[in-house]
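What the sequence shown shows, in this note's numbering, is residues 35 to 387, in sequence order.
Using N, Cα and C, we set each Cβ at its ideal position, and we do this for glycine too.
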Amino acid sequence: AFQPRVFSGVQPTGNLHLGNYLGAVSRWVPLQDQMPAIFCVVDSHAITAGFPDPSELTNATREVTAAYMAAGIDPKKSIIFNQSQVREHMELAWIFNCVARMGWLNRMTQFKEKAGKNKENASVGLFAYPNLMAADILAYRATHVPVGDDQKQHLELTRDIAAKFNNDFGARIKELGIGVPNPTPSPELPEELYFPLTEPMIAGPATRIMSLRDGTKKMSKSDPSDLSRINLKDDADAIAKKIKKAKTDPDALPSETDGLEGRPEADNLVGIYAALNGMSKDDVLKEYGGQQFSAFKPALSDLAVAKLAPMTDEMRRLTGDPAQIDAILKEGAENASAIAEPVLKDVRKIIGF
Ligand code: ADP
Ligand code: NA
35 AFQPRVFSGV
45 QPTGNLHLGN
55 YLGAVSRWVP
65 LQDQMPAIFC
75 VVDSHAITAG
85 FPDPSELTNA
95 TREVTAAYMA
105 AGIDPKKSII
115 FNQSQVREHM
125 ELAWIFNCVA
135 RMGWLNRMTQ
145 FKEKAGKNKE
155 NASVGLFAYP
165 NLMAADILAY
175 RATHVPVGDD
185 QKQHLELTRD
195 IAAKFNNDFG
205 ARIKELGIGV
215 PNPTPSPELP
225 EELYFPLTEP
235 MIAGPATRIM
245 SLRDGTKKMS
255 KSDPSDLSRI
265 NLKDDADAIA
275 KKIKKAKTDP
285 DALPSETDGL
295 EGRPEADNLV
305 GIYAALNGMS
315 KDDVLKEYGG
325 QQFSAFKPAL
335 SDLAVAKLAP
345 MTDEMRRLTG
355 DPAQIDAILK
365 EGAENASAIA
375 EPVLKDVRKI
385 IGF
């Protein structure tokens, strides 16, 4: 059977925000006690939308590493490293460029959003990004990938790539004796696989945190409005101000039975409260249903500050010692390479290199 293994990552581009924390990083913490886990700072993805200032990129990589640790990722339990330091990601990505079809990538909605109107001017790297993401995951034959809802389509592509590779080289994988029995046999796949069909883990009340300014857009690092997101580095005043200014409708919060349907802004704020406090949205409505936003928003600010302030302090402490962070990343890269190298050796054998 495939060794159960978690893999996930965040790009070191600008500010880490509440969406990254609630949709991804906070959910990784309990997983590191359940199975081997690898958490990557995906710096090779961070150059797809234009090369950032080099020293800012280096610092952003350290900052995301500090955020992982401040959130509770323990480098003694989990591997923490940055993508560019393990060359197997690049090698496997090239091979996957030759597995994935143009038509598959043409369907990726994130490319359409990120490339905007001028697609001819987007980098080839931005277009091929999902193939690199598949390589990130499959270089470790990872079985579980906890991410936010926006990554669902990319994870489906990862499964499509794994399936095509397993099929195209099915006989060869069997002949080399390096296959793993398919845990969920199906007529579409050979009996033995080399790559697992990775499970997306997209769950909880915060799979898609929306912008505080516009309920139709997700909270994102690239939103030009700083009021749209709560950054992990925001202080208590900034958090309170942003929540106070968050766009809402004029009605009171609905009861649990009325529910949040058709109330996107309320849904978003209730989801944030629920995720921060480890409860369900229904539980939040049981407590706050019928109350005005003028009462709920201060409670939400207090909760957000109570949860985020200790993390912000810890991030600041950790980034004060860049050499320590670099040492953790270096050790992580060595441990990650030790897993990815033999996988790439197999892959080279499979394809005849
Ligand atoms: P961003 O989308 O802000 O540039 P990344 O692409 O680096 O951030 O995403 C890192 C992780 O954070 C991914 O698992 C992604 O699904 C998750 N994520 C990003 N934005 C949100 C959001 N608004 N709500 C929930 N999860 C999110
Ligand atoms: Na994203």
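Given a cut-off of 8 Å on the beta-carbon distance, is the pair G305 and I243 in contact? What you label residue 305 is simply residue 271 of the sequence shown in a count that begins at 1. What you label residue 243 is simply residue 209 of the sequence shown in a count that begins at 1. Using a Cβ distance threshold of 8 Å, G305 and I243 count as a contacting pair.
What are the boundary residues of the alpha helix (DSSP H) that E125 is part of? Counting from one through the sequence shown, the residue named residue 125 turns up at place 91. The continuous alpha helix (DSSP H) containing E125 extends over residues 122 to 131.
If I'm right that N200 touches Y228 with Cβ under 8 Å, what's the distance once you round it to whole angstroms? On the sequence shown, position 166 is the one that residue 200 refers to. On the sequence shown, position 194 is the one that residue 228 refers to. With a Cβ gap of about 6 Å, N200 and Y228 count as contacting.
Restricting to runs no shorter than 4 residues, where is the alpha helix (DSSP H) found entirely within the stretch 141 to 212? The qualifying runs are 143 to 149, 158 to 172, 186 to 202, 204 to 210.
Secondary structure at A71, three-state DSSP: helix, strand or coil? Taking the first residue of the sequence shown as 1, we reach residue 71 at position 37. Taken through DSSP and simplified to helix, strand or coil, A71 comes out as strand.
Is T82 buried or exposed, if buried means 16 or more other CB atoms sit within 10 Å of its CB? The residue labelled residue 82 in the question sits at position 48 within the sequence shown. T82 comes out buried.
In whole angstroms, what separates the C-alpha of M136 from that of P230? Here the question's residue 136 lines up with position 102 in the sequence shown. Here the question's residue 230 lines up with position 196 in the sequence shown. Looking at the two C-alpha atoms, the distance is approximately 23 Å.
Among D67, A58, S254, V44, whose alpha-carbon lies nearest the alpha-carbon of C74? Translated into the one-based positions of the sequence shown, residue 74 becomes position 40. In terms of Cα proximity to C74, the closest of D67, A58, S254, V44 is V44.
Does DSSP put F85 in a helix, a strand or coil? Position 51 of the sequence shown, counting from 1, holds the residue named residue 85. DSSP places F85 outside both helix and strand once states are collapsed to three, so it counts as coil.
Going by Cα to Cα distance, which pick from P239, D336, R350 is closest to M313? On the sequence shown, position 279 is the one that residue 313 refers to. Answer by Cα proximity: P239.
What do you reckon, is the C-beta of T51 under 7 Å from a heavy atom of the ligand ADP? Taking the first residue of the sequence shown as 1, we reach residue 51 at position 17. The sequence given here has His at residue 51, not Thr. For the ligand ADP, at least one heavy atom lies less than 7 Å from the Cβ of H51.
When you compare only the Cα positions, how much space is there between A105 and K383? Translated into the one-based positions of the sequence shown, residue 105 becomes position 71. Translated into the one-based positions of the sequence shown, residue 383 becomes position 349. Separation of A105 and K383 (C-alpha to C-alpha, rounded to the nearest whole angstrom) is 40 Å.
Own chain partners of L337 with C-beta closer than 7 Å, once the 5 adjacent residues on each side are dropped: By one-based count along the sequence shown, residue 337 stands at place 303. Non-local beta-carbon contacts of L337 in its own chain, meaning distances under 7 Å to residues more than five positions away in sequence, involve Y307, L310, N311 in chain order.
Say yes only if the C-beta of D184 is nearer than 7 Å to one or more non-hydrogen atoms of the ligand ADP, and no if none qualify. If you number the sequence shown from 1, residue 184 lands on position 150. Yes, the beta carbon of D184 sits closer than 7 Å to at least one heavy atom of the ligand ADP.
Does the stretch 200 to 215 come within contact of the stretch 260 to 275, defined as at least 3 CB pairs closer than 8 Å? They do not touch, by the three-pair rule.
Endpoints, beta strand (DSSP E) assigned at F115: Along the sequence shown, one-based indexing puts residue 115 at 81. Start and end: 113 to 116.
Heavy atom of the ligand ADP less than 7 Å from the Cβ of V120, yes or no? Position 86 of the sequence shown, counted from the first residue, corresponds to residue 120. For the ligand ADP, not one heavy atom lies less than 7 Å from the Cβ of V120.
Taking C-alpha atoms, which residue in Y102, V76, L65 lies nearest to L342? Taking the sequence shown and counting its residues from 1, one reaches residue 342 at position 308. For L342, the nearest C-alpha among the options comes from Y102.
C-alpha gap between T291 and Q326, whole angstroms: For the purposes of this step, residue 291 is identified with residue 257 of the sequence shown, where counting begins at 1. For the purposes of this step, residue 326 is identified with residue 292 of the sequence shown, where counting begins at 1. In a straight line, the C-alpha of T291 is about 17 Å away from that of Q326.
On the DSSP letters alone, give me the boundaries of the beta strand (DSSP E) that E233 sits inside. By 1-based counting over the sequence shown, the position of residue 233 is 199. Its beta strand (DSSP E) spans residues 233 to 235.
Less than 8 Å between the beta carbons of Q66 and I107, yes or no? Counting from one through the sequence shown, the residue named residue 66 turns up at place 32. Counting from one through the sequence shown, the residue named residue 107 turns up at place 73. Taking 8 Å as the Cβ cut-off, Q66 and I107 qualify as a contacting pair.
Three or more C-beta pairs closer than 8 Å, one from the stretch 362 to 374 and one from the stretch 166 to 186: is that the case here? For the pair of segments examined, the stretch 362 to 374 was found to touch the stretch 166 to 186: the number of CB pairs separated by less than 8 Å reaches three.
With distances taken from CA atoms, which of A280, M167, D301, E154 is nearest S78? In the sequence shown, counting from the first residue as 1, residue 78 sits at position 44. Nearest option by C-alpha distance: M167.
Identify, in the order they occur along the chain, each residue of the same chain with its Cβ nearer than 6 Å to the Cβ of G366, setting aside the five sequence neighbours on each side. Reading the sequence shown from its first residue, position 332 is the one you call residue 366. Excluding residues within five positions, the ones whose Cβ falls inside 6 Å are I113, I114, F115.
Among the residues of its own chain, which have a CB less than 7 Å from the CB of L90, if the five just before and after it don't count? On the sequence shown, residue 90 is found 56 positions in, with the first residue counted as 1. The sequence as given places Glu at residue 90; Leu does not occur at that position. Closer than 7 Å at Cβ, skipping near neighbours: no residue.
Of the residues L56, R247, Y322, E368, which one's Cα is nearest the Cα of P298? Locating residue 298 in the sequence shown gives position 264, counting from the first residue. Ranking L56, R247, Y322, E368 by Cα distance to P298 puts R247 first.
In DSSP terms, what M244 is bridged to: By 1-based counting over the sequence shown, the position of residue 244 is 210. Beta-bridge analysis with DSSP links M244 to K252.
For P224 and S42, believed in contact at Cβ under 8 Å, the rounded distance: Residue 42 sits at position 8 when you count from the first residue of the sequence shown. Residue 224 sits at position 190 when you count from the first residue of the sequence shown. Not confirmed; about 28 Å, so no contact.
At a cut-off of 7 Å, is R242 close to the ligand ADP when judged by its beta-carbon and the heavy atoms of the ligand? Sequence index remark: in the sequence shown, residue 242 carries index 208 (1-based). Indeed, a heavy atom of the ligand ADP lies less than 7 Å from the Cβ.
Considering only heavy atoms of the ligand ADP, does any lie closer than 7 Å to the CB of K315? Mapped onto the sequence shown, residue 315 falls at position 281. For K315, the distance from the CB to the nearest heavy atom of the ligand ADP is not below 7 Å.
Beta carbon of N265: closer than 7 Å to some heavy atom of the ligand ADP? Against the sequence shown, residue 265 aligns to sequence position 231. No - the ligand ADP has no heavy atom lying nearer than 7 Å to the Cβ of N265.
So is Q187 in contact with chain C if we call contact Cβ pairs under 8 Å? Of the protein chains in this structure there is only one, and it is not chain C.
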